[in-house]
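The structure appears below as structure tokens.
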Amino acid sequence: MRIFWDNKVDAAATVITAASESADLPVSNISHPDRKKVYRTGTSAAAEWIKFNLGSALAIRELILLDHTLTAGDTTIKLQGNASDSWGSPSVNEDLTFNADVMEKWLSAAQTYQWWRIIFTKSAAGETRDIGRVFLGPGYECNKGPAQPDGLTITPMDLSVTDRALDGTTHSEIKSQYDHIAIDFPPISDAQMDQLKALAADCGTHTPFFVSIEPTLKQYDLLYYVKAKSLKARKVKLWGSGIIRWDVSMELNEEL
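389 is the number of the first residue of the sequence shown in this note's numbering; add one for each residue after it.
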């Protein structure tokens, strides 16, 4: 299980530019917490890029493109990183495998550079592409994920409203659905507890973050953009002989 919350895209020092952008949907929208507030490319050229000047060399491990409209016909979809704003032979030049709606790249090791780019070539210059949210930053890989066999519960939540008339018939106002995610960890170490405390301190119940519950078997099906529903108690499960183990859980609501 991996958790991503220190998003360098949102940092005050980060300057974001793009090869093209719609006047009404600028590239700055990718740093807005509302995933529906999208960035849209222009229609003047097929080759597109989004560039990030982080202000200084920072460690990057993960890229997520959420709510994008890139297609299987688009090419040269890459994450690039470099020490300077020069892209002839960037130090990081990683291909992204196309996946509809969301794509992500977990680097084999963190790479520390000031300049980063996402590039892609549209199947036609006159078309546009949208991206709703971008994560670019470090990630925490949990030593222990959800407990086996019952540590993960995903409950669909329906915001629709149904009323019953006097004759017994029902009438529904159809609204969105989201997932409620409950995670119970097996007893975890001090090191993992410290990371979960840092997550709680930074995001509380107010700031969204990303969680990839099973990045190997369910790379996209269990990758969520969430807020914590509540902050849970931290209970000591075991201590003694220099060992401490914590009993902790998480309740998360998917952000739509």
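Virtual Cβ for every residue (Gly too), placed ideally from N, Cα, C. Remember, it's a predicted structure, so these values are computed and weren't measured experimentally.
{"Query": "Note down the Cα distance separating K620 from L640, rounded to an integer number of angstroms.", "Result": "11 Å"}
{"Query": "Report the option in R633, L458, A401, K615 whose CA atom is closest to the CA atom of R622.", "Result": "R633"}
{"Query": "Compare the Cα-Cα distances from D412 to each of Y427, A401, T431 and report the closest residue.", "Result": "Y427"}
{"Query": "Could you spell out where the alpha helix (DSSP H) holding L547 opens and where it closes?", "Result": "Counting along the chain, L547 falls outside any alpha helix (DSSP H), and DSSP gives it neither H nor E."}
{"Query": "Determine which residues share a DSSP beta bridge with M638 and list them.", "Result": "I571"}
{"Query": "How many whole angstroms separate the CB atoms of A513 and S432, which I take to be in contact at a CB cut-off of 8 Å?", "Result": "7 Å"}
{"Query": "Going straight from the alpha carbon of K625 to that of D635, what length do you get?", "Result": "5 Å"}
{"Query": "Considering Cα atoms alone, identify which of L547, R552, M545, D572 is closest to D538.", "Result": "D572"}
{"Query": "Using DSSP with H/G/I as helix, E/B as strand and the rest coil, what is N470?", "Result": "strand"}
{"Query": "Given a cut-off of 7 Å, decide if R517 and K439 are closer than it, judged by their beta-carbon atoms.", "Result": "no"}
{"Query": "Output the boundary residues of the beta strand (DSSP E) element that contains Q499.", "Result": "489–509"}
{"Query": "Look up D483 in the DSSP assignment and give the residues it is bridged to.", "Result": "K466"}
{"Query": "Quick check: D567 and E642, are their CB atoms within less than 7 Å of each other?", "Result": "yes"}
{"Query": "For V614 and D483, what's the separation of their Cα atoms in angstroms?", "Result": "26 Å"}
{"Query": "Are the Cβ atoms of M389 and C591 separated by less than 7 Å?", "Result": "no"}
{"Query": "Could you round the C-beta distance between E409 and G430 to whole angstroms and report it? I think they count as a contact, below 8 Å.", "Result": "6 Å"}
{"Query": "Here's the rule: buried if 16 or more other CB atoms are within 10 angstroms of the residue's CB, otherwise exposed. What is H559?", "Result": "exposed"}
{"Query": "Do the CB positions of L587 and W393 come within less than 7 Å of each other?", "Result": "yes"}
{"Query": "Note down, in chain order, each residue of its chain lying with its Cβ closer than 6 Å to the Cβ of T541, except the 5 sequence neighbours on either side.", "Result": "A570"}
{"Query": "Figure out for me which residue from F523, I562, Q583, G527 has the closest Cα to the Cα of I452.", "Result": "F523"}
{"Query": "Measure from the C-beta of A434 to each C-beta in chain B and report whether the shortest distance is under 7 Å.", "Result": "Here there is only one protein chain, and chain B is not present."}
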